[in-house]
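What follows is one structure encoded as C-alpha coordinates, with my remarks underneath.
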Amino acid sequence: MKLTLLEMTKALGLDLNNLPAPNKEAWNLVPSSVISDSNEVKQGSLFVCVKGTRVDGHDFAEDAVDQGACAILASYNPFGPVPPVPVILYSDVILALGKIARRHREDMKGKVIALTGTAGKTTVKEVLAHILSQVAFCEKSPKNKNNQLGLPLSMLSSSENAKFWIMELGISQAHDMDELGQIINPDYAVIVNVGAGHLEGLGKLGVAYHKTRLLKYLSDLGEGVVCADYTDLQEEALKIGKPILFFSSKNKKYDCFASYVGPAADVKMQEGGIRKGVYSVYVFGEQFDVITPFRGSFGAENVAVIVATAKRLGLTNNEIKKGFMTAVLPDSRFFCKELCDNIIIDDSYNANPLSMNRMLSTVAELAEESKSEVYLMLGEMRELGEEAPGAHASLGVEVATIGPKAIFWKGAYGDVILNSLRTSGWKGFFKVVNNSEDFLSALPELGILSCTQSKNNLKGKHAVFLIKGSRGNKLEEISKALTEYLQA
(Lines of atoms letter the chains of each structure in order from A and count residues from 1; the text may use other names and numbers.)
(Lines give C-alpha, C1' and ligand atoms only; values in the text may rest on other atoms or scores of the structure.)
Protein backbone atom coordinates (compact mmCIF):
# COMPACT_ATOMS: atom_id res chain seq x y z
CA MET A 1 0.00 0.00 0.00
CA LYS A 2 1.29 3.44 -0.91
CA LEU A 3 -1.53 5.68 0.37
CA THR A 4 -0.47 8.55 2.60
CA LEU A 5 -2.50 9.52 5.63
CA LEU A 6 -3.50 12.65 3.73
CA GLU A 7 -4.88 10.59 0.83
CA MET A 8 -6.85 8.52 3.30
CA THR A 9 -8.47 11.62 4.80
CA LYS A 10 -9.39 12.78 1.29
CA ALA A 11 -11.02 9.41 0.59
CA LEU A 12 -13.13 10.02 3.69
CA GLY A 13 -13.97 13.62 2.76
CA LEU A 14 -12.35 14.99 5.91
CA ASP A 15 -10.90 18.44 6.57
CA LEU A 16 -7.40 18.37 8.08
CA ASN A 17 -8.23 21.47 10.11
CA ASN A 18 -10.64 19.34 12.12
CA LEU A 19 -8.24 16.47 12.72
CA PRO A 20 -5.77 16.33 15.64
CA ALA A 21 -2.10 15.76 14.83
CA PRO A 22 1.29 16.67 16.34
CA ASN A 23 2.13 18.62 13.13
CA LYS A 24 0.89 18.93 9.54
CA GLU A 25 3.91 17.16 8.07
CA ALA A 26 2.83 13.95 9.81
CA TRP A 27 -0.07 13.58 7.36
CA ASN A 28 2.41 12.81 4.58
CA LEU A 29 3.39 9.51 6.19
CA VAL A 30 2.64 6.22 4.41
CA PRO A 31 1.65 3.55 6.97
CA SER A 32 3.59 0.30 6.76
CA SER A 33 0.46 -1.68 7.62
CA VAL A 34 -3.14 -1.30 8.81
CA ILE A 35 -3.88 -3.22 12.01
CA SER A 36 -6.92 -3.61 14.29
CA ASP A 37 -5.27 -5.86 16.90
CA SER A 38 -2.93 -3.91 19.18
CA ASN A 39 -0.87 -7.07 19.71
CA GLU A 40 0.05 -7.06 16.00
CA VAL A 41 1.11 -3.39 15.75
CA LYS A 42 4.56 -2.81 14.29
CA GLN A 43 6.67 0.22 13.53
CA GLY A 44 4.72 2.48 11.17
CA SER A 45 1.31 0.78 11.52
CA LEU A 46 -2.00 2.60 11.25
CA PHE A 47 -3.96 1.34 14.25
CA VAL A 48 -7.72 1.01 13.77
CA CYS A 49 -9.71 1.50 16.98
CA VAL A 50 -12.60 -0.95 16.62
CA LYS A 51 -15.18 -1.06 19.38
CA GLY A 52 -16.33 -4.65 19.82
CA THR A 53 -18.75 -6.36 22.18
CA ARG A 54 -16.02 -7.17 24.70
CA VAL A 55 -13.20 -4.69 24.13
CA ASP A 56 -12.81 -1.19 22.72
CA GLY A 57 -9.80 -0.53 20.53
CA HIS A 58 -9.70 3.09 21.72
CA ASP A 59 -8.55 1.76 25.11
CA PHE A 60 -5.42 0.37 23.42
CA ALA A 61 -4.49 3.44 21.37
CA GLU A 62 -1.67 4.49 23.68
CA ASP A 63 -0.28 0.95 23.73
CA ALA A 64 -0.36 0.91 19.93
CA VAL A 65 1.62 4.16 19.76
CA ASP A 66 4.13 2.80 22.25
CA GLN A 67 4.62 -0.18 19.93
CA GLY A 68 5.27 2.05 16.92
CA ALA A 69 1.91 3.00 15.42
CA CYS A 70 2.31 6.09 13.21
CA ALA A 71 -1.39 7.07 13.26
CA ILE A 72 -4.81 6.16 14.67
CA LEU A 73 -8.18 5.70 12.95
CA ALA A 74 -10.82 6.29 15.61
CA SER A 75 -14.35 7.50 16.25
CA TYR A 76 -13.05 9.91 18.90
CA ASN A 77 -9.67 11.29 19.98
CA PRO A 78 -8.30 8.99 22.71
CA PHE A 79 -5.44 11.41 23.41
CA GLY A 80 -5.20 15.01 24.59
CA PRO A 81 -5.43 18.18 22.41
CA VAL A 82 -1.96 17.51 20.95
CA PRO A 83 -1.79 13.77 20.22
CA PRO A 84 1.51 11.91 19.74
CA VAL A 85 0.41 10.78 16.25
CA PRO A 86 -2.23 11.92 13.72
CA VAL A 87 -5.78 10.83 14.51
CA ILE A 88 -8.16 10.19 11.60
CA LEU A 89 -11.58 10.85 13.10
CA TYR A 90 -14.63 9.18 11.58
CA SER A 91 -17.84 8.32 13.39
CA ASP A 92 -18.07 4.80 11.91
CA VAL A 93 -14.58 3.30 11.95
CA ILE A 94 -15.56 0.13 10.03
CA LEU A 95 -17.19 2.21 7.28
CA ALA A 96 -14.10 4.44 7.11
CA LEU A 97 -11.84 1.42 6.81
CA GLY A 98 -13.92 0.16 3.88
CA LYS A 99 -13.69 3.51 2.11
CA ILE A 100 -9.92 3.59 2.53
CA ALA A 101 -9.67 0.04 1.17
CA ARG A 102 -11.85 1.04 -1.81
CA ARG A 103 -9.44 3.92 -2.51
CA HIS A 104 -6.50 1.51 -2.34
CA ARG A 105 -8.30 -0.83 -4.76
CA GLU A 106 -8.22 1.99 -7.36
CA ASP A 107 -4.41 1.72 -7.42
CA MET A 108 -4.58 -2.02 -8.18
CA LYS A 109 -3.64 -2.51 -11.82
CA GLY A 110 -4.04 -6.30 -11.86
CA LYS A 111 -7.21 -8.36 -11.66
CA VAL A 112 -9.35 -8.45 -8.53
CA ILE A 113 -11.29 -11.65 -7.86
CA ALA A 114 -14.04 -11.70 -5.21
CA LEU A 115 -15.11 -15.20 -4.20
CA THR A 116 -18.17 -16.28 -2.22
CA GLY A 117 -20.33 -19.36 -1.66
CA THR A 118 -22.08 -21.39 1.02
CA ALA A 119 -19.65 -24.31 1.19
CA GLY A 120 -15.97 -24.60 0.36
CA LYS A 121 -15.19 -20.98 -0.52
CA THR A 122 -12.06 -20.81 1.65
CA THR A 123 -10.76 -24.05 0.17
CA VAL A 124 -11.41 -22.84 -3.38
CA LYS A 125 -9.72 -19.52 -2.58
CA GLU A 126 -6.62 -21.22 -1.21
CA VAL A 127 -6.21 -23.64 -4.11
CA LEU A 128 -6.93 -20.99 -6.75
CA ALA A 129 -4.47 -18.60 -5.11
CA HIS A 130 -1.83 -21.34 -5.07
CA ILE A 131 -2.31 -22.01 -8.78
CA LEU A 132 -2.21 -18.31 -9.68
CA SER A 133 0.89 -17.75 -7.56
CA GLN A 134 2.77 -20.30 -9.67
CA VAL A 135 2.67 -17.92 -12.63
CA ALA A 136 2.48 -14.40 -11.13
CA PHE A 137 2.46 -12.31 -7.95
CA CYS A 138 -0.84 -13.13 -6.24
CA GLU A 139 -2.27 -11.69 -3.02
CA LYS A 140 -5.09 -13.39 -1.08
CA SER A 141 -7.19 -12.71 1.98
CA PRO A 142 -5.72 -14.62 4.95
CA LYS A 143 -7.72 -17.42 6.55
CA ASN A 144 -11.38 -16.32 6.61
CA LYS A 145 -11.02 -12.55 6.94
CA ASN A 146 -14.08 -11.99 4.81
CA ASN A 147 -16.41 -9.49 6.52
CA GLN A 148 -16.65 -5.69 6.71
CA LEU A 149 -13.58 -5.59 8.95
CA GLY A 150 -11.57 -8.48 7.53
CA LEU A 151 -12.00 -7.65 3.84
CA PRO A 152 -10.63 -4.06 4.06
CA LEU A 153 -7.75 -5.22 6.24
CA SER A 154 -6.96 -7.96 3.69
CA MET A 155 -7.07 -5.49 0.81
CA LEU A 156 -4.93 -2.92 2.60
CA SER A 157 -2.30 -5.56 3.36
CA SER A 158 -2.14 -6.45 -0.36
CA SER A 159 0.26 -4.85 -2.80
CA GLU A 160 -1.14 -2.78 -5.65
CA ASN A 161 1.68 -4.26 -7.75
CA ALA A 162 0.24 -7.78 -7.63
CA LYS A 163 -1.13 -9.29 -10.83
CA PHE A 164 -3.99 -10.93 -8.92
CA TRP A 165 -5.93 -10.28 -5.74
CA ILE A 166 -8.27 -13.04 -4.62
CA MET A 167 -10.51 -12.02 -1.75
CA GLU A 168 -13.10 -14.14 0.06
CA LEU A 169 -16.46 -12.61 0.99
CA GLY A 170 -18.69 -14.04 3.72
CA ILE A 171 -22.18 -12.83 4.57
CA SER A 172 -24.59 -13.44 7.43
CA GLN A 173 -26.87 -10.38 7.23
CA ALA A 174 -29.05 -9.09 4.38
CA HIS A 175 -26.98 -5.93 3.84
CA ASP A 176 -23.55 -7.59 3.95
CA MET A 177 -22.98 -8.31 0.26
CA ASP A 178 -23.89 -4.80 -0.84
CA GLU A 179 -21.40 -3.33 1.62
CA LEU A 180 -18.64 -5.77 0.67
CA GLY A 181 -19.30 -5.42 -3.04
CA GLN A 182 -18.96 -1.63 -2.91
CA ILE A 183 -15.60 -2.01 -1.18
CA ILE A 184 -14.01 -4.52 -3.54
CA ASN A 185 -15.53 -3.64 -6.96
CA PRO A 186 -14.23 -6.93 -8.45
CA ASP A 187 -13.18 -7.73 -12.00
CA TYR A 188 -14.42 -11.28 -11.45
CA ALA A 189 -17.24 -12.23 -9.06
CA VAL A 190 -16.98 -15.96 -8.36
CA ILE A 191 -19.95 -17.72 -6.75
CA VAL A 192 -19.02 -21.31 -5.92
CA ASN A 193 -22.45 -22.56 -4.80
CA VAL A 194 -25.46 -21.76 -2.62
CA GLY A 195 -27.29 -23.62 0.13
CA ALA A 196 -28.80 -23.06 3.54
CA GLY A 197 -26.39 -21.13 5.75
CA HIS A 198 -26.59 -18.11 8.10
CA LEU A 199 -30.36 -18.17 7.62
CA GLU A 200 -30.99 -16.26 10.84
CA GLY A 201 -29.75 -13.00 9.34
CA LEU A 202 -30.48 -13.32 5.63
CA GLY A 203 -34.25 -13.16 5.79
CA LYS A 204 -36.80 -14.47 3.30
CA LEU A 205 -35.27 -13.49 -0.06
CA GLY A 206 -32.98 -16.51 -0.10
CA VAL A 207 -29.25 -17.15 -0.05
CA ALA A 208 -28.97 -17.07 -3.86
CA TYR A 209 -30.47 -13.58 -4.00
CA HIS A 210 -27.98 -12.23 -1.48
CA LYS A 211 -24.94 -13.99 -2.97
CA THR A 212 -25.67 -12.71 -6.47
CA ARG A 213 -25.82 -9.13 -5.22
CA LEU A 214 -22.05 -9.27 -5.67
CA LEU A 215 -22.54 -9.21 -9.46
CA LYS A 216 -24.02 -5.70 -9.20
CA TYR A 217 -20.64 -4.35 -8.09
CA LEU A 218 -18.49 -5.73 -10.90
CA SER A 219 -16.03 -3.36 -12.53
CA ASP A 220 -16.98 -1.91 -15.94
CA LEU A 221 -15.56 -4.87 -17.87
CA GLY A 222 -16.18 -7.38 -15.09
CA GLU A 223 -17.66 -10.86 -15.37
CA GLY A 224 -19.33 -13.36 -13.09
CA VAL A 225 -18.15 -16.97 -12.71
CA VAL A 226 -21.18 -18.81 -11.39
CA CYS A 227 -22.20 -22.42 -10.73
CA ALA A 228 -25.03 -23.52 -13.02
CA ASP A 229 -26.01 -26.50 -10.86
CA TYR A 230 -28.30 -24.55 -8.52
CA THR A 231 -31.48 -23.39 -10.25
CA ASP A 232 -32.11 -20.48 -7.89
CA LEU A 233 -28.51 -19.29 -8.19
CA GLN A 234 -28.58 -19.36 -11.99
CA GLU A 235 -31.93 -17.54 -12.12
CA GLU A 236 -30.86 -14.80 -9.69
CA ALA A 237 -27.53 -14.35 -11.47
CA LEU A 238 -29.18 -13.87 -14.85
CA LYS A 239 -31.49 -11.22 -13.40
CA ILE A 240 -28.52 -8.95 -12.69
CA GLY A 241 -27.78 -8.63 -16.39
CA LYS A 242 -23.97 -8.92 -16.20
CA PRO A 243 -21.73 -11.17 -18.35
CA ILE A 244 -21.51 -14.61 -16.75
CA LEU A 245 -19.36 -17.69 -17.33
CA PHE A 246 -21.26 -20.70 -16.02
CA PHE A 247 -19.44 -23.83 -14.77
CA SER A 248 -20.90 -27.18 -13.77
CA SER A 249 -20.17 -30.59 -12.32
CA LYS A 250 -23.45 -32.03 -13.62
CA ASN A 251 -23.94 -30.83 -17.20
CA LYS A 252 -21.39 -30.73 -20.03
CA LYS A 253 -23.28 -28.06 -21.95
CA TYR A 254 -21.66 -25.25 -19.95
CA ASP A 255 -18.34 -23.56 -20.72
CA CYS A 256 -16.52 -25.46 -17.98
CA PHE A 257 -17.40 -28.94 -16.72
CA ALA A 258 -15.54 -31.29 -14.35
CA SER A 259 -16.19 -34.84 -13.18
CA TYR A 260 -14.50 -37.23 -10.74
CA VAL A 261 -12.45 -40.03 -12.31
CA GLY A 262 -11.00 -41.75 -9.24
CA PRO A 263 -7.96 -41.88 -6.96
CA ALA A 264 -4.55 -41.15 -8.45
CA ALA A 265 -2.09 -44.01 -8.53
CA ASP A 266 0.56 -43.58 -5.80
CA VAL A 267 0.18 -39.79 -5.50
CA LYS A 268 -0.66 -38.88 -1.92
CA MET A 269 -2.01 -35.60 -0.55
CA GLN A 270 0.76 -35.29 2.04
CA GLU A 271 2.96 -37.55 4.12
CA GLY A 272 0.61 -40.02 5.76
CA GLY A 273 -2.27 -38.80 3.59
CA ILE A 274 -4.59 -40.61 1.23
CA ARG A 275 -4.17 -40.65 -2.53
CA LYS A 276 -5.08 -37.54 -4.48
CA GLY A 277 -8.10 -37.42 -6.78
CA VAL A 278 -8.18 -37.30 -10.57
CA TYR A 279 -10.77 -35.15 -12.33
CA SER A 280 -11.60 -34.80 -16.00
CA VAL A 281 -12.10 -31.22 -17.18
CA TYR A 282 -13.83 -29.87 -20.29
CA VAL A 283 -13.29 -26.15 -20.77
CA PHE A 284 -13.89 -24.02 -23.87
CA GLY A 285 -13.81 -27.09 -26.11
CA GLU A 286 -10.66 -28.63 -24.61
CA GLN A 287 -10.34 -31.71 -22.37
CA PHE A 288 -7.60 -32.56 -19.86
CA ASP A 289 -7.20 -34.35 -16.53
CA VAL A 290 -5.95 -32.82 -13.28
CA ILE A 291 -4.58 -34.49 -10.15
CA THR A 292 -5.87 -32.58 -7.15
CA PRO A 293 -6.01 -32.56 -3.33
CA PHE A 294 -9.75 -33.33 -3.60
CA ARG A 295 -11.43 -36.73 -3.64
CA GLY A 296 -14.93 -37.78 -4.59
CA SER A 297 -17.72 -36.27 -6.65
CA PHE A 298 -18.07 -33.18 -4.44
CA GLY A 299 -14.61 -32.06 -5.50
CA ALA A 300 -15.71 -31.74 -9.13
CA GLU A 301 -17.53 -28.50 -8.31
CA ASN A 302 -14.37 -27.07 -6.76
CA VAL A 303 -12.26 -28.17 -9.71
CA ALA A 304 -14.70 -26.67 -12.21
CA VAL A 305 -14.81 -23.23 -10.58
CA ILE A 306 -11.04 -23.11 -10.15
CA VAL A 307 -10.36 -24.09 -13.77
CA ALA A 308 -13.00 -21.70 -15.13
CA THR A 309 -11.57 -18.77 -13.19
CA ALA A 310 -7.93 -19.62 -13.94
CA LYS A 311 -8.66 -19.90 -17.68
CA ARG A 312 -10.42 -16.53 -17.66
CA LEU A 313 -7.30 -15.08 -16.02
CA GLY A 314 -5.14 -16.36 -18.84
CA LEU A 315 -3.52 -19.50 -17.42
CA THR A 316 -2.68 -22.39 -19.73
CA ASN A 317 -3.88 -25.95 -19.20
CA ASN A 318 -0.38 -27.05 -18.17
CA GLU A 319 -0.07 -24.22 -15.65
CA ILE A 320 -3.38 -25.26 -14.11
CA LYS A 321 -2.36 -28.94 -14.00
CA LYS A 322 0.97 -28.13 -12.33
CA GLY A 323 -0.71 -25.88 -9.78
CA PHE A 324 -3.28 -28.51 -8.80
CA MET A 325 -0.56 -31.13 -8.37
CA THR A 326 1.23 -29.17 -5.64
CA ALA A 327 -1.80 -27.60 -3.93
CA VAL A 328 -2.49 -28.43 -0.27
CA LEU A 329 -5.83 -27.94 1.48
CA PRO A 330 -6.08 -25.76 4.61
CA ASP A 331 -6.36 -27.35 8.05
CA SER A 332 -9.74 -28.76 9.11
CA ARG A 333 -11.06 -28.55 5.54
CA PHE A 334 -11.13 -32.01 3.99
CA PHE A 335 -7.75 -32.67 5.60
CA CYS A 336 -7.26 -36.40 5.07
CA LYS A 337 -4.78 -38.76 6.63
CA GLU A 338 -4.37 -42.53 6.80
CA LEU A 339 -3.41 -44.39 9.96
CA CYS A 340 -3.22 -48.19 10.07
CA ASP A 341 -5.60 -48.48 7.10
CA ASN A 342 -8.03 -46.07 8.77
CA ILE A 343 -8.86 -42.87 6.90
CA ILE A 344 -9.58 -39.74 8.92
CA ILE A 345 -11.29 -36.84 7.18
CA ASP A 346 -11.09 -33.69 9.28
CA ASP A 347 -13.62 -31.21 7.90
CA SER A 348 -14.37 -29.77 11.32
CA TYR A 349 -13.97 -26.09 10.50
CA ASN A 350 -17.67 -25.46 9.90
CA ALA A 351 -20.90 -27.02 8.65
CA ASN A 352 -24.21 -26.28 7.00
CA PRO A 353 -26.67 -28.56 5.16
CA LEU A 354 -24.91 -28.19 1.80
CA SER A 355 -21.41 -28.88 3.07
CA MET A 356 -22.67 -31.77 5.22
CA ASN A 357 -24.34 -33.50 2.28
CA ARG A 358 -21.30 -32.98 0.05
CA MET A 359 -19.00 -34.52 2.62
CA LEU A 360 -21.31 -37.45 3.36
CA SER A 361 -21.32 -38.44 -0.30
CA THR A 362 -17.53 -38.21 -0.39
CA VAL A 363 -17.16 -40.42 2.69
CA ALA A 364 -19.45 -43.00 1.12
CA GLU A 365 -17.31 -43.02 -2.05
CA LEU A 366 -14.05 -43.33 -0.10
CA ALA A 367 -15.47 -46.14 2.02
CA GLU A 368 -16.53 -48.05 -1.08
CA GLU A 369 -13.14 -47.55 -2.72
CA SER A 370 -11.26 -48.72 0.38
CA LYS A 371 -13.77 -51.42 1.44
CA SER A 372 -14.09 -49.78 4.86
CA GLU A 373 -16.90 -49.05 7.28
CA VAL A 374 -18.09 -45.49 7.90
CA TYR A 375 -17.88 -43.81 11.31
CA LEU A 376 -19.27 -40.30 11.73
CA MET A 377 -18.37 -37.72 14.38
CA LEU A 378 -20.87 -34.97 13.60
CA GLY A 379 -21.87 -31.76 15.32
CA GLU A 380 -24.78 -29.37 15.35
CA MET A 381 -25.23 -27.10 12.33
CA ARG A 382 -25.63 -23.60 13.77
CA GLU A 383 -27.07 -20.27 12.58
CA LEU A 384 -29.99 -21.91 10.77
CA GLY A 385 -32.69 -20.06 12.70
CA GLU A 386 -36.19 -21.49 12.47
CA GLU A 387 -35.00 -23.90 9.78
CA ALA A 388 -32.73 -25.74 12.23
CA PRO A 389 -35.06 -28.57 13.36
CA GLY A 390 -36.06 -29.43 9.80
CA ALA A 391 -32.48 -29.18 8.55
CA HIS A 392 -31.27 -31.61 11.20
CA ALA A 393 -34.13 -34.01 10.50
CA SER A 394 -33.18 -33.95 6.80
CA LEU A 395 -29.55 -34.55 7.76
CA GLY A 396 -30.61 -37.69 9.62
CA VAL A 397 -32.26 -39.01 6.47
CA GLU A 398 -29.12 -38.28 4.40
CA VAL A 399 -26.88 -39.94 6.97
CA ALA A 400 -29.05 -43.06 7.01
CA THR A 401 -28.67 -43.51 3.25
CA ILE A 402 -24.91 -44.11 3.49
CA GLY A 403 -25.35 -46.74 6.23
CA PRO A 404 -22.65 -45.76 8.74
CA LYS A 405 -21.49 -48.32 11.30
CA ALA A 406 -21.61 -45.74 14.10
CA ILE A 407 -22.57 -42.12 14.63
CA PHE A 408 -21.34 -39.79 17.36
CA TRP A 409 -23.12 -36.49 17.86
CA LYS A 410 -22.17 -33.30 19.70
CA GLY A 411 -24.42 -30.31 20.33
CA ALA A 412 -28.15 -29.65 20.08
CA TYR A 413 -30.69 -31.61 18.01
CA GLY A 414 -29.25 -35.02 18.86
CA ASP A 415 -32.77 -36.29 19.56
CA VAL A 416 -33.97 -34.98 16.20
CA ILE A 417 -31.10 -36.69 14.39
CA LEU A 418 -31.64 -40.00 16.19
CA ASN A 419 -35.40 -40.00 15.57
CA SER A 420 -34.83 -39.28 11.89
CA LEU A 421 -32.24 -42.06 11.65
CA ARG A 422 -34.49 -44.65 13.29
CA THR A 423 -37.50 -43.58 11.21
CA SER A 424 -35.34 -44.08 8.12
CA GLY A 425 -34.58 -47.63 9.22
CA TRP A 426 -31.00 -47.18 10.39
CA LYS A 427 -30.21 -49.43 13.39
CA GLY A 428 -26.53 -48.73 14.05
CA PHE A 429 -24.63 -47.41 17.07
CA PHE A 430 -25.47 -43.84 18.15
CA LYS A 431 -23.93 -41.87 20.98
CA VAL A 432 -24.14 -38.24 22.10
CA VAL A 433 -20.73 -37.01 23.29
CA ASN A 434 -19.64 -33.93 25.19
CA ASN A 435 -15.87 -34.24 24.79
CA SER A 436 -13.00 -36.32 23.41
CA GLU A 437 -13.10 -38.73 26.34
CA ASP A 438 -16.73 -39.64 25.63
CA PHE A 439 -15.85 -40.29 22.02
CA LEU A 440 -12.70 -42.36 22.59
CA SER A 441 -14.29 -44.53 25.27
CA ALA A 442 -16.64 -46.13 22.74
CA LEU A 443 -14.04 -47.01 20.09
CA PRO A 444 -12.67 -50.29 21.54
CA GLU A 445 -16.12 -51.87 21.80
CA LEU A 446 -16.72 -50.90 18.16
CA GLY A 447 -13.53 -52.68 17.13
CA ILE A 448 -11.54 -49.51 16.41
CA LEU A 449 -8.07 -50.24 17.74
CA SER A 450 -4.80 -48.33 17.87
CA CYS A 451 -2.06 -49.14 15.38
CA THR A 452 -0.24 -51.29 17.94
CA GLN A 453 -3.41 -53.12 18.94
CA SER A 454 -4.40 -53.69 15.30
CA LYS A 455 -1.12 -55.45 14.55
CA ASN A 456 -1.79 -57.90 17.38
CA ASN A 457 -5.54 -58.31 16.95
CA LEU A 458 -7.22 -59.58 13.80
CA LYS A 459 -10.54 -58.08 14.97
CA GLY A 460 -9.35 -54.54 14.28
CA LYS A 461 -11.71 -52.83 11.80
CA HIS A 462 -10.75 -50.61 8.84
CA ALA A 463 -12.73 -47.40 8.98
CA VAL A 464 -13.33 -44.09 7.29
CA PHE A 465 -13.94 -41.39 9.90
CA LEU A 466 -15.62 -38.10 9.07
CA ILE A 467 -15.36 -35.31 11.64
CA LYS A 468 -17.61 -32.38 10.79
CA GLY A 469 -19.79 -29.78 12.51
CA SER A 470 -20.14 -26.06 13.09
CA ARG A 471 -17.16 -24.28 14.59
CA GLY A 472 -18.69 -23.87 18.04
CA ASN A 473 -18.63 -27.65 18.57
CA LYS A 474 -14.81 -27.58 18.67
CA LEU A 475 -14.58 -30.90 16.87
CA GLU A 476 -10.95 -30.22 15.97
CA GLU A 477 -10.20 -31.35 19.54
CA ILE A 478 -11.82 -34.72 18.85
CA SER A 479 -9.93 -34.98 15.56
CA LYS A 480 -6.65 -34.51 17.41
CA ALA A 481 -7.64 -37.02 20.06
CA LEU A 482 -8.60 -39.64 17.46
CA THR A 483 -5.27 -39.22 15.68
CA GLU A 484 -3.36 -39.67 18.93
CA TYR A 485 -5.47 -42.72 19.85
CA LEU A 486 -4.83 -44.47 16.54
CA GLN A 487 -1.11 -43.65 16.58
CA ALA A 488 -0.62 -45.18 20.02
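First residue of the sequence shown: 1, per full-length UniProt numbering; consecutive thereafter. We treat Cβ as the ideally placed atom computed from N, Cα and C, and that holds for glycine.
Within 9 Å, strictly: CB atoms of residue i and residue j
i	j	result
L440	L482	yes
D341	S332	no
S355	V464	no
Y217	V194	no
T292	Y282	no
L221	A308	no
M381	A391	yes
P31	L3	yes
I131	E319	yes
Q43	G80	no
V305	V290	no
T123	L329	yes
For residue i, three-class secondary structure by DSSP
i	result
G222	coil
Q287	strand
A324	Before going on, a small fix: residue 324 reads as Phe here, not Ala. In this structure, F324 counts as helix in the three-state DSSP scheme.
N39	helix
A11	helix
D232	helix
W426	coil
I448	coil
A400	helix
E338	strand
E383	coil
F79	coil
A71	strand
E139	strand
residue 501	Within the shown structure, residues of the chain are numbered from 1 to 488, placing residue 501 beyond reach of any answer.
L46	strand
L257	The residue you asked about is not Leu; residue 257 is Phe in the sequence shown. Three-state result, F257: strand.
S394	helix
V190	strand
Y349	coil
Residues near residue i by beta carbon distance below 6 Å, same chain, minus five either side
i	result
G57	C49, V50
G181	L214, Y217
H198	At H198, the pLDDT of 49 sits below 50, so the modelled position is not reliable and the matter cannot be decided from this model.
A364	I402
E301	S249
L443	none
G110	A162, K163, F164
A26	P86
F257	S248, Y282
A327	V127, H130, P293
Beta bridge counterpart(s) of residue i as assigned by DSSP
i	result
K431	F408
F465	I344, Y375
L277	Per the sequence shown, residue 277 should be read as Gly rather than Leu. Answer is P263, T292.
F439	DSSP lists no partner for F439.
L115	E168, V190
Residue i Cβ short of 8 Å to the ligand COA heavy atom set
i	result
L449	Among the ligands in the structure shown, none appear at all, so the ligand COA cannot be discussed.
Close beta carbons around residue i, own chain, < 7 Å, minus the five adjacent residues each side
i	result
S133	none
K99	A11, L12
K121	L115, E168, V192
F288	V281, N317, K321
Close beta carbons around residue i, own chain, < 8 Å, minus the five adjacent residues each side
i	result
A400	S420, L421, S424, G425, W426
I274	P263, K268, R295, C336, K337, E338, I343, L366
K145	L151, L153, S154, E168
C138	A129, L132, A162, K163, F164, W165, I166
Practice problem: Could you tell me whether the region 207 to 219 touches the region 159 to 174, using the rule of 3 or more Cβ pairs below 8 Å? | Solution: With a cut-off of 8 Å, the region 159 to 174 and the region 207 to 219 count as touching, because enough Cβ pairs lie within range.
Quiz item: On the three-pair Cβ rule with 8 Å, is the region 357 to 369 touching the region 464 to 478?
Solution: Segments in contact, yes.
Quiz item: Are the region 183 to 193 and the region 110 to 123 touching, with three or more C-beta to C-beta distances below 8 Å?
Solution: Three or more Cβ pairs closer than 8 Å define a contact, and the region 183 to 193 meets that threshold against the region 110 to 123.
Quiz item: Are the region 70 to 82 and the region 125 to 133 touching by the rule of at least three beta carbon pairs closer than 8 Å?
Solution: Taking one beta carbon from each stretch, the region 70 to 82 and the region 125 to 133 have fewer than 3 pairs nearer than 8 Å; the two do not touch.
Practice problem: Evaluate the contact criterion for the region 392 to 409 versus the region 421 to 434: three or more CB pairs, one atom per stretch, below 8 Å. | Solution: Three or more Cβ pairs drawn from the region 392 to 409 and the region 421 to 434 lie within less than 8 Å of each other, which places the two stretches in contact.
Quiz prompt | the region 145 to 154 / the region 378 to 391 touching (three or more Cβ pairs under 8 Å) | solution = Put simply, the region 145 to 154 does not touch the region 378 to 391. Fewer than three CB pairs are less than 8 Å apart.
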